[in-house]
Structures are given as structure tokens and as C-alpha cells.
Amino acid sequence: METKNVKSAGKLLAVLECFSSVDKRLSVGEIARRTDLPRSTAHRLIMALKEIGFLEQDRSRDEYRLGIKLFELGSIVLNNMDLHREAPPFIDALTAATRESVHLCVFDGLRMVFVERSTGGRSGENNATITMEASPCHCTGVGKAALAFQPPIVIERVIALGLSAYTRNTITDPDRLRAELATIRERGYAFDRGEIEIDRNCVAAPIRDSSGKVFAAMSCTGPAGRMPPERLEELAPIVVNHADSISWRLGWRRDDAEEKPRRRARSTRTPAPAI
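Numbering-wise (our numbering), the sequence shown opens with residue 4 and increments by one.
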């Protein structure tokens with residue numbers, strides 16, 4: 004009975020995982036093909052998910068989309084996350100220190116999901132909000148900062164999805180991306196030099212949980228004219244400091260082996276923000 008229940012739950016999850024930021028609406032036939040389930044089974048599962056609010060029907064197109072109930076549950080998860088409780092003071096401090104926008108994202112195994120952002124300073128009024136927006140890993144600062152510290156199998160899985168070009172600066176060659184990730188692991192931070200938006204640059208650093216696993220990243224981003232390469236280098240140790248401070252609050256403690264490759268980034272380290 005337990006095995007049967009697990010299989011049923013797996014089928015329900017498979018239906019939900021058919022949807023993405025690209026595939027926002029799907030028909031019964033499309034869901035059946037993607038899950039490799041008989042159409043009748045797919046329809047039964049869709050009706051069950053619709054009944055509990057996990058799916059909603061677009062009657063004008065006879066298609067389905069993810070329901071608001073999932074967003075409500077996701078918001079509860081985010082609000083209960085240690086990261087979401089600990090990060091806001093450091094986001095505010097980094098925004099004040101740099102006068103640029105700050106983004107906090109979580110790695111979901113393939114993409115980066117925005118958890119919070121602050122568009123304070125010269126970029127506008129402070130406006131930190133929880134979102135469910137996802138961004139690619141290979142061409143964003145937060146994405147590369149998180150991806151660089153994942154196991155090789157995860158890196159290759161992301162590469163296998165395809166390295167789409169967003170601008171002329173996007174890294175689309177797998178070997179070049181692997182080399183850049185190796186550099187990021189060595190220095191401890193990542194750059195986005197107009198790789199997803201041609202006129203925006205950013206510097207990002209990884210965030211670790213208590214076990215030392217990188218599961219998130221934060222970045223400082225702004226217009227390319229205001230954040231040329233030399234300013235990115237100046238901001239790098241500040242971003243690393245704030246990201247490390249969040250990791251410390253989550254229970255991570257750097258050992259001696261990890262300290263050495265970071266010393267260059269820390270050579271101009273600013274004091275930890277006063278909270």
C-alpha cells in the first residue's frame with residue numbers, strides 16, 4: 004500500500020513538473036505526452052490537482068496552469084526558511100554600502116529562483132519583495148556563483164539543457180563555461196558582464212548552509228556604465244563579506260582549507276555590517 008501511495012504521489016508530482024516559466028499553460032494531451040501517461044490517467048490526475056487548488060483551468064483554451072494554492076504554499080516555505088529570516092538585514096546593508104540593486108536567489112537544481120531583491124540607492128526606492136521568478140545559471144552572476152560549487156553531475160546537467168545566448172557576451176561554449184566556473188571556485192565570486200542584459204553588470208557570491216553546501220547566492224547589480232570591470236573588482240570583497248555573513252548566521256564555519264583561496268578576495272574586506 005505504501006509503495007502504491009508513493010507511486011501515486013510521484014505521478015501527481017510529474018504532472019506539476021510539466022509546467023515551467025516557459026510552459027505556463029498545457030492541455031491534457033500535452034501533459035499526457037510529457038509524463039508518458041495514458042490520457043485518461045493524466046486527466047484523472049489533473050482533476051484531482053484542480054480540486055485541491057494546485058491547478059486551475061483556462062476554459063477559453065481548455066488548458067491548465069499552476070494554481071494559486073501552490074504560490075501560497077511556496078510563500079509559506081520561503082517565510083519559514085532560515086535564509087529568508089536571516090538575509091534581509093544583510094541585503095539592506097549591502098544596498099546601503101553599494102547604492103546598487105541587490106538580489107538574493109536560491110538554486111533549485113537547474114535555475115536560480117529569486118527570493119528577495121532590493122532596488123535601493125541610485126537604482127530607485129528600496130523595494131524588497133518575494134518573487135517566484137527564475138533565471139538561468141550560465142549567464143547570471145548569482146547562477147554562476149552557485150553553479151560553480153555544485154557537484155560535476157549537476158554542472159553537466161545544466162550544460163545539457165543548452166546554453167542559450169541572451170546577448171553577444173553570453174557564454175555558450177560548454178568548455179568555456181567549465182573554465183569560468185573553475186575560476187569562480189578559486190576566487191570565490193562571479194561576474195556577469197552584460198551576459199543576460201547587455202547594459203547591466205553584476206558581481207555575486209555564494210551562500211552556504213550549515214553543512215557548507217552552496218544553495219543560494221546574492222549579487223550586486225547595476226548599469227554597465229556605473230559598474231565597469233574595475234568597480235566590479237572593488238565591490239567583490241564587499242559582496243563576499245555580506246554573503247559570508249549570511250552563511251555564518253545559517254551555521255556555516257569556514258575551515259582553514261577554505262580560507263586560503265579566499266584571502267585575495269578578502270584583502271580589502273570591509274567590516275561585517277552592523278545589524
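C-beta: ideal position from N, C-alpha, C; glycine also.
Keep in mind it's a predicted model, so treat the numbers as computed, not measured.
Beta carbon of residue i nearer than 9 Å to that of residue j
{"i": "Arg179", "j": "Pro139", "result": "no"}
{"i": "Ala227", "j": "Asp247", "result": "no"}
{"i": "Asp195", "j": "Ser222", "result": "yes"}
{"i": "Asp85", "j": "Leu253", "result": "yes"}
{"i": "Val217", "j": "Ala149", "result": "yes"}
{"i": "Ala35", "j": "Ala45", "result": "yes"}
{"i": "Leu238", "j": "Thr101", "result": "yes"}
{"i": "Ala207", "j": "Ala193", "result": "yes"}
{"i": "Ala219", "j": "Gly146", "result": "no"}
{"i": "Cys142", "j": "Thr173", "result": "yes"}
{"i": "Tyr67", "j": "Ser30", "result": "yes"}
Residue i in three-state terms, based on DSSP
{"i": "Phe93", "result": "helix"}
{"i": "Val118", "result": "strand"}
{"i": "Arg62", "result": "coil"}
{"i": "Ala149", "result": "helix"}
{"i": "Leu107", "result": "strand"}
{"i": "Ser214", "result": "coil"}
{"i": "Leu16", "result": "helix"}
{"i": "Arg88", "result": "helix"}
{"i": "Ala168", "result": "coil"}
{"i": "Thr271", "result": "Annotation note: pLDDT 41 at Thr271 (below 50); position unreliable, coordinate value reported separately. In the structure shown, Thr271 sits in coil (DSSP, three-state: anything other than H, G, I, E or B)."}
{"i": "Leu73", "result": "helix"}
beta-carbon residue i near the ligand COA non-hydrogen atom, thresh 8 Å
{"i": "Glu233", "result": "Questions concerning the ligand COA fall outside what the structure shown contains, since it holds no ligand whatsoever."}
Host alpha helix (DSSP H) of residue i (start-end)
{"i": "Asp195", "result": "Per DSSP, Asp195 belongs to no alpha helix (DSSP H); it is in the beta strand (DSSP E), 193-196."}
{"i": "Thr186", "result": "177-190"}
{"i": "Val242", "result": "232-252"}
{"i": "Pro154", "result": "No alpha helix (DSSP H) contains Pro154, which DSSP labels as neither H nor E."}
Enclosing beta strand (DSSP E) for residue i [first to last residue]
{"i": "Val206", "result": "203-211"}
Can you check the stretch 30-62 for any beta strand (DSSP E) of at least 3 residues that lies completely inside it and give the ranges in chain order?
58-61
Please confirm if the stretch 168-178 is in contact with the stretch 92-108, defined as three or more CB-CB distances below 8 Å between the two stretches.
no
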